[in-house]
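Below is one structure, written out as C-alpha cells, with a few remarks after it.
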Amino acid sequence: MTSSHGRGLLHLAAAVDLHAEYDAGAFVELVGLAERGALDFVTLGDSFARPGLDALAVLARAAPATGRIGLVPTVTTTHTEPFHVQAAVATLDWVSRGRAGWWIDVSRTEGEARLFGRRHAAPAEELWQEAGEVADAAARLWDSREDGAEIRDAETGWFIDRDKLHSVDFEGATFSVKGPSIVPRPPQGHPARIVDATEGPARRTAARFADVAVVRAVGREQTGAVREELRAAAAGFGRDPDGLKVLAGLVVDLGGGEHAAEPGHGGGGPRQTAQGPLYRGGPVDLAELIAAWHQAGAVDGFHLTPVEPRRDLERLVNGTVALLQHRGLFRTFYPGSTLREHLGLARPANRYAVTGGAS
Numbered sequence: 018m019t020s021s022h023g024r025g026l027l028h029l030a031a032a033v034d035l036h037a038e039y040d041a042g043a044f045v046e047l048v049g050l051a052e053r054g055a056l057d058f059v060t061l062g063d064s065f066a067r068p069g070l071d072a073l074a075v076l077a078r079a080a081p082a083t084g085r086i087g088l089v090p091t092v093t094t095t096h097t098e099p100f101h102v103q104a105a106v107a108t109l110d111w112v113s114r115g116r117a118g119w120w121i122d123v124s125r126t127e128g129e130a131r132l133f134g135r136r137h138a139a140p141a142e143e144l145w146q147e148a149g150e151v152a153d154a155a156a157r158l159w160d161s162r163e164d165g166a167e168i169r170d171a172e173t174g175w176f177i178d179r180d181k182l183h184s185v186d187f188e189g190a191t192f193s194v195k196g197p198s199i200v201p202r203p204p205q206g207h208p209a210r211i212v213d214a215t216e217g218p219a220r221r222t223a224a225r226f227a228d229v230a231v232v233r234a235v236g237r238e239q240t241g242a243v244r245e246e247l248r249a250a251a252a253g254f255g256r257d258p259d260g261l262k263v264l265a266g267l268v269v270d271l272g273g274g275e276h277a278a279e280p281g282h283g284g285g286g287p288r289q290t291a292q293g294p295l296y297r298g299g300p301v302d303l304a305e306l307i308a309a310w311h312q313a314g315a316v317d318g319f320h321l322t323p324v325e326p327r328r329d330l331e332r333l334v335n336g337t338v339a340l341l342q343h344r345g346l347f348r349t350f351y352p353g354s355t356l357r358e359h360l361g362l363a364r365p366a367n368r369y370a371v372t373g374g375a376s
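Going left to right, the sequence shown walks through residues 18 to 376 as my numbering numbers them.
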C-alpha cells in the first residue's frame with residue numbers, strides 16, 4: 018500500500034522512557050498502547066550516566082505481553098563486551114519472536130569510564146568507530162551459527178551440525194572476537210540496528226551499519242539534506258540506500274489538546290530546545306507536520322518522544338496516528354510479524370552460508 022503521493026507508507030516509532038520508574042508494568046502498559054496504534058517500534062533509552070532499570074531487560078519483560086510491535090532498547094558499545102551485547106540482543110529477538118532492535122549508542126563521559134576502570138573517556142570519533150566495529154562483529158556473530166545448525170537428534174546424540182558453525186575471527190581496534198556465538202541465529206537474521214545520526218561522528222557508522230537512522234533537526238530541508246547524505250554514504254559502502262530508513266526525531270508535547278500549535282511549533286516546524294526539536298500543540302497539527310515532511314521526501318518517518326509519556330502517547334495514538342491512518346499514510350494493522358517486516362527490510366542472507374567462510 019502506498020500513499021496518494023506515490024511514497025511508501027511512513028514509519029512511526031515512539032520512546033517509552035519513564036524516569037524514576039521501577040515498575041515494569043508501567044513500561045508494558047506504554048508498549049501496549051503504542052502497539053494499539055500499530056507503531057513500527059518503541060524505544061527505551063539507557064545510559065551508565067543515570068540511574069534506572071536495564072532497558073533490554075525491561076523490553077524482554079514486555080515481549081510476552083505484546084505480539085507485533087518492535088522492541089528497541091539502547092545498548093552502549095562503550096565499556097561493554099561485544100560478544101555479550103550481541104548475545105543479549107539476539108536473545109531479545111528470540112523471546113519476542115523476531116521483534117528486537119538495537120539502538121546503538123556510546124558512553125562519552127569520564128564518570129561512566131570510572132564505573133568500569135578499564136580506560137578513560139575517548140573522543141566521539143573514536144567511540145563511534147568502535148561502535149561501528151561492534152555492529153560489524155555482532156552481525157558476523159549472528160551469522161556464525163547458520164539457520165538449522167541445531168540438530169538435536171536424540172537417537173544419534175548429535176546436537177550441533179559443526180559444518181554450520183563459523184569462527185568470525187574479528188579484530189577491532191579495541192577488541193577481538195573469535196566466535197561462534199552461543200545463541201542460535203536470530204529469527205530476523207539480524208535484529209534491526211538504529212543509530213542517532215544527528216551528530217557528524219555517528220553518521221559514518223549509521224550509513225554503513227544502521228537499518229534506521231534518527232535525525233534531530235528543526236527544519237524539513239535540513240532533515241532532508243541529512244537523509245540524502247546518509248543515503249549517498251550508504252551507497253558508497255555498497256548498500257542499497259533503500260535499506261536505510263531515516264526518521265526525524267521529535268520531542269512532542271500534546272498537552273494543548275486540540276488547540277492549534279504554538280507559533281513556530283506547527284507548520285513552521287518545531288523549535289530547538291536543550292532536549293532536541295520540540296513540537297508543542299495538538300495532535301491534528303502534528304499529523305499535518307508529519308504528513309508534510311514525509312510527502313516532501315525529507316524523511317521516511319518519525320521517532321517521537323513524548324514529554325509526558327502516558328498523556329502524550331495516548332493523544333498521539335488516538336489523535337495523530339488515527340488521522341494519518343484515515344488519510345492512508347499509515348498502516349491500520351501489522352501485515353507482518355517481525356520488526357524488519359514492519360520496516361520493509363528483507364531478512365539478510367547468512368554471509369557464511371553464502372560464501373562458505375569468513376568474509
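We put the CB at the ideal spot given by N, CA and C, even for glycine.
Residue i to residue j span [Cα, whole Å]
| i | j | result |
| --- | --- | --- |
| Ala138 | Ala190 | 15 angstroms |
| Val102 | Asp270 | 33 angstroms |
| Pro26 | Phe133 | Note that residue 26 is Leu in the sequence shown, not Pro. For Leu26 and Phe133, the distance between alpha carbons rounds to 44 angstroms. |
| Leu333 | Glu238 | 24 angstroms |
| Ala230 | Ile199 | 29 angstroms |
| Val48 | Arg327 | 10 angstroms |
| Gly284 | Tyr296 | In this prediction, Gly284 scores a pLDDT of 46, lower than 50, which makes its location untrustworthy; the coordinate-derived value is nonetheless stated afterwards. Answer to the nearest angstrom: the Cα atoms are 10 angstroms apart. |
| Glu325 | Asp180 | 52 angstroms |
| Asp178 | Glu167 | 6 angstroms |
| Thr441 | Val185 | Past the boundaries of the shown model lies residue 441; the chain is included only from 18 to 376, so the question cannot be answered. |
| Leu362 | Asp257 | 11 angstroms |
| Thr108 | Gly353 | 20 angstroms |
| Arg248 | Leu35 | 33 angstroms |
| Asp110 | Pro323 | 26 angstroms |
| Ala309 | Asp302 | 10 angstroms |
| Glu143 | Ala339 | 43 angstroms |
| Phe13 | Trp159 | Past the edges of the chain, shown from 18 to 376, lies residue 13, and the structure says nothing about it. |
| Thr240 | Gly272 | 26 angstroms |
| Asp259 | Ile307 | 20 angstroms |
| Arg53 | Thr215 | 29 angstroms |
Residue j beta carbon less than 9 angstroms from that of residue i
| i | j | result |
| --- | --- | --- |
| Thr60 | Gln205 | no |
| Asp213 | Gly266 | yes |
| Ser193 | Tyr369 | no |
| Ala51 | Ala31 | yes |
| Gly84 | Gly118 | no |
| Pro365 | Ala156 | yes |
| His183 | Gly196 | yes |
| Thr337 | Ala304 | yes |
| Asp57 | Leu29 | yes |
| Arg202 | Asp228 | no |
| Ala251 | Leu264 | no |
| Leu321 | Val235 | no |
| Ala37 | Ala79 | no |
| Val45 | Leu330 | no |
| Ile121 | Val92 | yes |
| Gln312 | Leu346 | yes |
| Thr94 | Glu147 | yes |
| Arg357 | Gly165 | no |
| Phe254 | Arg225 | yes |
| Ala72 | Pro90 | yes |
| His343 | Tyr351 | no |
| Ser113 | Ala77 | yes |
| Ala141 | Arg131 | no |
| Pro68 | Ala154 | no |
| Val163 | Asn367 | A small correction: the amino acid at residue 163 is Glu; Val does not occupy that position in the sequence shown. Contact: yes. |
Contacts around residue i, its chain only, beta-carbon distance under 8 angstroms, and the 5 residues preceding and following it disregarded
| i | result |
| --- | --- |
| Trp145 | Val123, Pro218, Ala219, Arg221 and Thr222 |
| Ala43 | Leu35 |
Cutoff 6 angstroms; reference residue i; Cβ partners in own chain excluding five residues on either side
| i | result |
| --- | --- |
| His276 | Its pLDDT being 47, under 50, His276 is placed unreliably in this model, and the coordinates cannot settle the point. |
| Gly281 | Residue placement at Gly281 is flagged as unreliable, the pLDDT there being 48, under the threshold of 50; the coordinate-derived value follows with that caveat. The answer, listed in chain order, is Arg288. |
| Ala82 | Val45 |
| Leu341 | Ala304 and Phe347 |
| Pro294 | Arg233, Val235, Leu267 and Pro287 |
Close-in-space but distant-in-sequence residues of the same chain around residue i (CB under 7 angstroms, 5 per side omitted)
| i | result |
| --- | --- |
| Glu127 | His137 and Ala138 |
| Leu70 | Tyr39 |
| Arg135 | His96 |
### Task
Tell me, please, whether the segment 312-322 touches the segment 232-247 by the rule of three or more beta-carbon pairs shorter than 8 angstroms.
Yes, the segment 312-322 is in contact with the segment 232-247.
#### Entry: Complete beta strand (DSSP E) runs within the segment 109-185 (minimum length 3 residues, chain order)
Runs of beta strand (DSSP E) with 3 or more residues, each lying fully within the segment 109-185, are found at 118-122, 167-170 and 175-177, listed in chain order.
### Task
With a floor of 3 residues, list each beta strand (DSSP E) that falls wholly inside the segment 58-95, ordered by position along the chain.
Those beta strand (DSSP E) runs which fall completely within the segment 58-95 and span 3+ residues are 58-61 and 87-93.
### Message
For a minimum of 4 consecutive residues, which ranges assigned as the alpha helix (DSSP H) are wholly contained in the segment 185-269?
### Response
For the segment 185-269, whole alpha helix (DSSP H) runs of length 4 or above, ordered along the chain, are 217-226 and 237-253.
### Message
Please give the ranges of any beta strand (DSSP E) in the segment 284-321, keeping only runs that are unbroken, at least 3 residues long and fully inside the region.
### Response
With a minimum length of 3 residues, the continuous beta strand (DSSP E) runs that stay inside the segment 284-321 are 288-290 and 293-297.
### Task
Kindly provide the ranges of any alpha helix (DSSP H) runs that are 4 or more residues long and lie completely inside the segment 324-368, ordered along the chain.
As far as the segment 324-368 is concerned, its whole alpha helix (DSSP H) runs of at least 4 residues are 326-332, 339-343 and 356-359.
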